[in-house]
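S.K.: Here it is: the structure, laid out below.
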Amino acid sequence: MYKTLSIKTRLLLYGIAIQAGVLLLFGYSLYKTLELSSKERLQTSLKVIVLDIYDDLAEHTQIEDIELDEEGEYEFTPLFMRVSRVVEGGLQTVKATAFPEEVASVEPSKLPLRKVRFSQSGSYITAALRVRLAGEELLIETATSYKLLNDTLKNLFYSLAFITPIILLFATLGAKFLIRRSFAPVRELITRLRGIEANNLSSRLPLRGSEDEIDALSKEINGVLTRLEEAFERVSQFSGDISHELKTPLTAMRSELEITLRKPRQRQEYEEVMRSALEEIGTIEEIVHNLLFLSRAKLQRNLPKERVELGTLLSQQCRLLQDQAQQRGVALRLRGVGEVFVRGYERLIKIALYNVIHNAILYSDRGTAVAVTLGKRGGRACVTVSDEGVGIDAEHLAHVTKSFYRVDRSRTRHTGGSGLGLAIVQKIMEQHGGKLELESQKGVGTVVTLLWE
Amino acid sequence: MRLLLVEDDKKIAKTLQRGLQEEYYSVDVSHDGKEGLYLATTNEYDVILLDLMLPSMDGVNLCKALRRKRVHTPVIMLTAKGEIEERIEGLDSGANDYLPKPFAFEELLARIRVQLRTPEQGGDTLQVADLVLDRGKKQVSRGGVPIRLTAKEFALLEYLLRRKNAVVSEGMIRENIQSLDEDSSSNVISVYIYRLRNKIDKPFDKPLIHTLRGIGYRVGEDV
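These protein sequences, in sequence, are chains V and X.
Here the first sequence stands for residues 1 to 453, numbered as in the numbering used here.
Here the second sequence stands for residues 1001 to 1223, numbered as in the numbering used here.
Right, here's the structure in full:
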């Protein structure tokens, strides 16, 4: 339940708890301090008076002569005083001022000589001093009631008990106001964020220029939005490219079928059209297949890598493409085959090798050669495929690994390919922690290098 | 009616050419931008069908170059690029119409007919006296009697009707109703004219096709 509370409510509850604690502590210490200091003041006063009486006694030769505060000089009420003689079996009062009965006298023998001792009984506090004076043992006692003090403390207690909740109430209201105020920008942020959807990712949160936490948060959110927008744009560019790629074979197929159906034709013509439509379907299938491969490539990261021998794979792929190379009048040569091991996914490496060699053959002119070399570069396994084909301009070189990027956009369907070949190779090499490098010179040829980890 | 199709995809080009020929159009095909521009400026076409992505020169630039050379043949752009901005760019480069791929062939035909319409004619029919040619339905009739014509005869009649009351030479006719890949012997046009006359003039009272010896032909009511 606690976890579902909003930060605002939690802050408020924390605030109330802390304030209540502080107030209680404050009230308690105020009460205690007052109690202790008042008691001490009373004790001090009583002690002073006791010592005063003692001095007075010492001045008089006859103890019966002394007057106990006849002028009320101590300005201390209520004040009770008593001077008693310690005699065998008890005390004999010498002089006393309405000393309250209920105050039990201290057993004199328990009192040390010439030391003022305090005791409490009922609501009275008593200071007692046992002295020896002119061969007599005397007990001087002064007492006062601390009923007044008790009343004061009681009043204080009631005031505190009354005022603490009120203070707490105001503090809570204040806290609530403060919290609401400081959370207002957050609420605004939430409202604005709610309005941002996939189709208006270009909107940004406004910065208030206060450089505070809210601004920092807004900045971060804006950063995320920018990255999202870019990713979104890439995706929509990609799907635009896909639909464009699919439209060409679809147009060919549709026109052909429509035109054929406009009037009755020979059986042979129908067969031709159907074969041609199948060809177009093949193209569409290849595009779809490659797209699926690209989108699934992410999932394969979890599989364990295995030990793969590149030489065998390479000669396998070359054999696979030999026929196609011959048909196009391109000499496909494989050099430097030894055993080179890498860690990776055999299936993916096969695809990468196939795509790179296939590309080289597709873009080669009749009578030229494609050389495939396996070797090591700086201790890393390395496959290079070089052709003597048309080459790629520097301005296109950086883009050819992008999906559907083509140097000559119109050439595709005569050379074949889905426009995804190098993008797939790039992705596969990334998954192997490797690299795809392209070097090219217009009219001289292209060298593609696959470099493993 | 003579069309120029500039389309780099050989298969699409071949298919469209066949389909259009079956609609009694004569069609020249080019797979290259610069070649297309050369053809469009050298020969006289009634409509140019232009793909946008072409080797050596793209469709938009081709269209601009064409208009710079003051060739105002109607251009219909055919392309897989269908975004609004791209359509606007294409139309602004001088094209008369824009048809995104994949399109229905019927729609392409309808749009070609739109480009062939002249202000005084309005619809898709051409008429001289009681002779009516319907471009859309590929039908010809005279006085309500339907007449069956071959593709070439239809094309010839259409050409003549579009220039009714004007004299056209055999050369002009050959230019328009024959595409580049057809070989033409010298008397082929007079053979077509002869056949057309047999179908259009012979069964009726008033001849509409007149020969101007040594100059050419003219279609129209006698003056």
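Beta carbons: idealized from backbone N, C-alpha and C, even for Gly.
1) I'd like to know if Glu1083 of chain X contacts chain V, where contact means its C-beta is closer than 9 Å to some C-beta of that chain.
2) Counting only the same chain and skipping the five closest in sequence on each side, list residues whose C-beta sits under 6 Å from that of Ser1169 of chain X.
3) Count the other CB atoms, across all protein chains shown, that sit within 10 Å of the CB of Thr1211 of chain X; report buried if there are 16 or more and exposed otherwise.
4) What in chain X is Cβ-close to Arg262 of chain V, meaning under 8 Å?
5) Roughly how many angstroms separate the alpha carbons of Ser410 of chain V and Leu1131 of chain X, rounded to a whole number?
6) As a quick exercise: from X:Ile1200, X:Ala1104 and X:Lys1011, pick the residue whose alpha carbon is nearest that of Pro1146 of chain X.
7) For Arg1018 of chain X, which of V:Glu256, V:Asp323, V:Gln426 and V:His358 has the nearest alpha-carbon?
8) Is Val400 of chain V near Leu422 of chain V, with beta carbons less than 9 Å apart?
9) Indicate the three-state DSSP secondary structure (helix, strand or coil) for Gln1178 of chain X in the structure shown.
10) Mind listing the chain V neighbours of Thr1015 of chain X? Cutoff is C-beta to C-beta under 7 Å, in chain order.
11) Give me the chain V residues within the contact set of Ile1012 of chain X, using Cβ-Cβ distance strictly less than 8 Å, ordered along the chain.
12) Under three-state DSSP, which class holds Ser45 of chain V?
13) With a Cβ-Cβ cutoff of 9 Å, do Ile428 of chain V and Leu348 of chain V count as a contact?
14) Quick one: what's got a C-beta closer than 7 Å to Ala20 of chain V's C-beta in the same chain, skipping five residues either side?
15) Go through the region 1062 to 1096 of chain X residue by residue and report every complete run of the beta strand (DSSP E) that reaches 3 residues or more, in order.
16) Identify the contact partners of Ser276 of chain V in chain X, using a Cβ-Cβ distance below 9 Å as the criterion.
17) Between the Cα of Arg114 of chain V and those of V:Ser105, V:Leu173 and V:Ala127, spot the shortest distance and give me the residue it belongs to.
18) Over the uninterrupted beta strand (DSSP E) stretch that includes Ser84 of chain V, give me the two end residues.
19) Given a cut-off of 9 Å on the beta-carbon distance, is the pair Gly367 of chain V and Val330 of chain V in contact?
20) Could you round the C-beta distance between Leu1126 of chain X and Arg1162 of chain X to whole angstroms and report it? I think they count as a contact, below 8 Å.
21) Evaluate the contact criterion for the region 441 to 449 of chain V versus the region 233 to 253 of chain V: three or more CB pairs, one atom per stretch, below 8 Å.
22) Should Val1191 of chain X go down as buried or exposed, given a rule of 16 or more other Cβ atoms within 10 Å for buried?
23) State buried or exposed for Glu339 of chain V, treating a residue as buried only when at least 16 other CB atoms are found within 10 Å of its CB.
24) If the cut-off is 9 Å on Cβ atoms, which residues from the region 1086 to 1113 of chain X count as contacting chain V, listed in chain order?
25) Taking 7 Å as the limit between beta carbons, can you name the residues of its chain near Arg1197 of chain X, skipping five residues before and five after?
26) Under 9 Å between C-beta atoms, does Met1001 of chain X make it to chain V?
27) What residues in the region 1027 to 1052 of chain X have a beta carbon less than 7 Å from any beta carbon of chain V?
28) So, helix, strand or coil for Leu168 of chain V, using DSSP?
29) Per the DSSP calculation, Phe177 of chain V is bridged to which residue(s)?
30) Please list, in chain order, the chain X residues whose beta carbon lies closer than 8 Å to that of His244 of chain V.
31) Looking only at its chain, what residues have a beta carbon closer than 6 Å to the beta carbon of Glu1085 of chain X, apart from the 5 residues adjacent to it on each side?
32) Between the beta-carbon of Val308 of chain V and the beta-carbon of Glu346 of chain V, is there less than 9 Å?
33) Where DSSP assigns a beta bridge to Cys382 of chain V, which residues make up the other side?
34) If I measure Cβ to Cβ from Leu1066 of chain X and keep anything under 6 Å in the same chain, skipping five residues before and after, which residues do I get?
35) Report yes or no: is there a C-beta of chain X within less than 9 Å of the C-beta of Gly240 of chain V?
36) Arg132 of chain V: which of V:Gly433, V:Leu57 and V:Leu310 sits nearest, CA to CA?
M.R.: Taking the geometry as given:
1) yes
2) Gly1216
3) exposed
4) Gly1019, Glu1022 and Phe1105
5) Caution is warranted here: a pLDDT of 48 is assigned to Ser410 of chain V, below 50, making its placement in the model unreliable, and the coordinate value is therefore given only provisionally. Their backbone Cα atoms lie some 46 Å apart in a straight line.
6) X:Ile1200
7) V:Glu256
8) yes
9) coil
10) Ala252, Ser255, Glu256 and Ile259
11) Thr248, Thr251, Ala252 and Ser255
12) helix
13) yes
14) Leu168
15) 1075 to 1079
16) Lys1011 and Thr1015
17) V:Ala127
18) Phe80 to Val87
19) yes
20) 6 Å
21) no
22) exposed
23) exposed
24) Pro1100, Lys1101, Pro1102, Phe1103, Ala1104, Phe1105, Glu1106 and Leu1108
25) Ile1209
26) no
27) none
28) helix
29) None; Phe177 of chain V has no bridge partner.
30) Ala1080 and Lys1081
31) none
32) yes
33) V:Gly375 and V:Leu451
34) Ala1040
35) yes
36) V:Leu57
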